[in-house]
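So the sequence lines, in the order shown, correspond to chains A and B. Take the first sequence: its letter number 37 is residue 55 in our numbering, and every next letter is one higher. Take the second sequence: its letter number 71 is residue 751 in our numbering, and every next letter is one higher. We put the beta carbon where it would ideally sit given N, CA and C, even for glycine. All figures in this text were calculated on a predicted structure; none of them were measured in a lab. Everything below concerns the one structure shown next.
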Amino acid sequence: NAGVMQNPRHLVRRRGQEARLRCSPMKGHSHVYWYRQLPEEGLKFMVYLQKENIIDESGMPKERFSAEFPKEGPSILRIQQVVRGDSAAYFCASSPGGRADTQYFGPGTRLTVL
Amino acid sequence: GNSVTQMEGPVTLSEEAFLTINCTYTATGYPSLFWYVQYPGEGLQLLLKATKADDKGSNKGFEATYRKETTSFHLEKGSVQVSDSAVYFCALEGGGNKLTFGTGTQLKVEL
Chain A
19 NAGVMQNPRH LVRRRGQEAR LRCSPMKGHS HVYWYRQLPE EGLKFMVYLQ KENIIDESGM
79 PKERFSAEFP KEGPSILRIQ QVVRGDSAAY FCASSPGGRA DTQYFGPGTR LTVL
Chain B
681 GNSVTQMEGP VTLSEEAFLT INCTYTATGY PSLFWYVQYP GEGLQLLLKA TKADDKGSNK
741 GFEATYRKET TSFHLEKGSV QVSDSAVYFC ALEGGGNKLT FGTGTQLKVE L
């Protein structure tokens, strides 16, 4: 049973470019979460999605960031016009659903903005 | 809002030493509490969890007890190994399915 898959593992972008991060949840999981880990810090919640719905995006920056989890295919976190401050590790987690269900994390995508 | 406070690291121990990593939290209601471990270059792995007061989570020799009276969830292990070297994160889920993490504590175990 494959775990949470994320790709790419490493992504380098120049300022002003777009970054697309992909996350495939564990089989049977319909809830996806994105977290960001800045250097020397803990993880911060960004967004919580179920299939085709955004449930909670209270941790997402208001501009340039968007997320989706379509009916078919992986969840996508999209960052437009990246800036150096976006450099971080972005982790995706999934759960089967329900309150306090264990969230299983992917290996992360490390974004570097030059 | 919800918050988690962990002791700062790095914590350096000799193999077979006793480990305690302190974690306290602030939350309304009755959160679930978690410890996650992150090995270098990898994602987070769930180490243990507790969902109500006085519950004890345990796994791989690690233990933590949910103490509501002191709002704490300290991680302990009786005898650490070099392979336990990693960053340990305390976290809570206080509703809405989103986790609030502490800043992490790096553990280094030496021979």
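Run through DSSP, which three-state label would residue i get?
{"i": "A:Arg82", "result": "coil"}
{"i": "B:Gly737", "result": "strand"}
{"i": "B:Asp764", "result": "helix"}
{"i": "A:Asp74", "result": "strand"}
{"i": "A:Arg33", "result": "coil"}
{"i": "A:Arg102", "result": "helix"}
{"i": "B:Ala730", "result": "strand"}
{"i": "B:His754", "result": "coil"}
Find out if the Cβ-Cβ distance for the pair residue i, residue j is shorter than 9 Å.
{"i": "B:Phe698", "j": "B:Trp715", "result": "no"}
{"i": "B:Thr704", "j": "B:Thr685", "result": "yes"}
{"i": "A:Pro43", "j": "A:Ala106", "result": "no"}
{"i": "A:Val100", "j": "A:Ala20", "result": "no"}
{"i": "A:Cys41", "j": "A:Ser93", "result": "yes"}
{"i": "B:Asn682", "j": "A:Tyr51", "result": "no"}
{"i": "B:Gly784", "j": "A:Glu59", "result": "yes"}
{"i": "A:Ile72", "j": "A:Glu86", "result": "yes"}
{"i": "B:Thr706", "j": "B:Thr751", "result": "yes"}
Assuming residue i and residue j are in contact, meaning their beta carbons sit under 8 Å apart, how far apart are those beta carbons, in whole angstroms?
{"i": "B:Gly775", "j": "B:Gly709", "result": "7 Å"}
{"i": "A:Val131", "j": "A:Arg33", "result": "6 Å"}
{"i": "B:Gln795", "j": "B:Phe753", "result": "The question about residue 795 of chain B has no answer here: the residues shown for chain B are numbered 681 through 791."}
Could you name the residues that DSSP lists as bridge partners for residue i?
{"i": "B:Ala771", "result": "B:Phe714, B:Phe781"}
{"i": "A:Thr120", "result": "A:Thr120 is not bridged to any residue."}
Hey, would you say the C-beta of residue i is under 8 Å away from at least one heavy atom of the ligand NAD?
{"i": "B:Cys770", "result": "Questions concerning the ligand NAD fall outside what the structure shown contains, since it holds no ligand whatsoever."}
Should the stretch 724 to 736 of chain B be regarded as contacting the stretch 783 to 791 of chain B, the criterion being three or more beta carbon pairs within less than 8 Å? Touching, no, given that fewer than three Cβ pairs across the two stretches are closer than 8 Å.
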